[in-house]
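Trainee:
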Ligand code: FES
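In our numbering, the protein residues as written are 30 to 131.
1) Please state the DSSP three-state secondary structure of residue 98.
2) Taking 7 Å as the cut-off, does the CB of residue 73 come closer than this to any heavy atom belonging to the ligand FES?
3) Span of the alpha helix (DSSP H) holding residue 55?
4) Spatial neighbours of residue 117 within its chain, please: CB distance less than 8 Å, with the 5 preceding and 5 following residues excluded, ordered by chain position.
5) Out of 44, 102, 107, point me to the one whose CA is closest to residue 71's CA.
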């Protein structure tokens with residue numbers, strides 16, 4: 030099981046919820062009425078970049094982006110990154126926390 034915690038650029042928590050599926054972070058937040066910044070929705074512009082502050086080992090950062098950009102080790106593109114399915118399926122409680130960069 031994975032709990033996602035999202036902070037804005039001023040370090041305020043704007044979203045916190047247990048995840049049930051492995052879709053990308055951007056869509057997960059949008060489905061819960063939390064709009065994160067984005068533009069291309071395809072891994073090509075970095076508008077949706079976020080710095081991972083906890084749980085990077087539970088992040089799948091290579092979900093289906095059309096033109097996926099390689100990022101620094103602790104930065105993910107929320108439109109093409111989501112939780113690893115094995116972490117969602119685990120009986121352990123994990124946390125993924127990130128801070129939006131824009
Ligand atoms: S919205 Fe462009 S890289 Fe994510």
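A virtual CB, placed ideally from N, CA and C, is assigned to each residue, including glycine.
Mentor: In brief:
1) Numbered from 1 along the chain shown, position 69 holds the residue referred to as residue 98. Of the three classes helix, strand and coil, the one that applies to residue 98 here is coil, per DSSP.
2) The residue you call residue 73 lines up with position 44 of the chain shown. It does: the Cβ of residue 73 is within 7 Å (strictly closer) of some heavy atom of the ligand FES.
3) Taking the chain shown and counting its residues from 1, one reaches residue 55 at position 26. Counting along the chain, the alpha helix (DSSP H) containing residue 55 begins and ends at 54-60.
4) Counting from 1 along the chain shown, the entry for residue 117 is found at position 88. These residues qualify, in order along the chain: 30, 31, 48, 49, 50, 51.
5) Taking the first residue of the chain shown as position 1, residue 71 is located at position 42. If we check each option's Cα against that of residue 71, 107 comes out closest.
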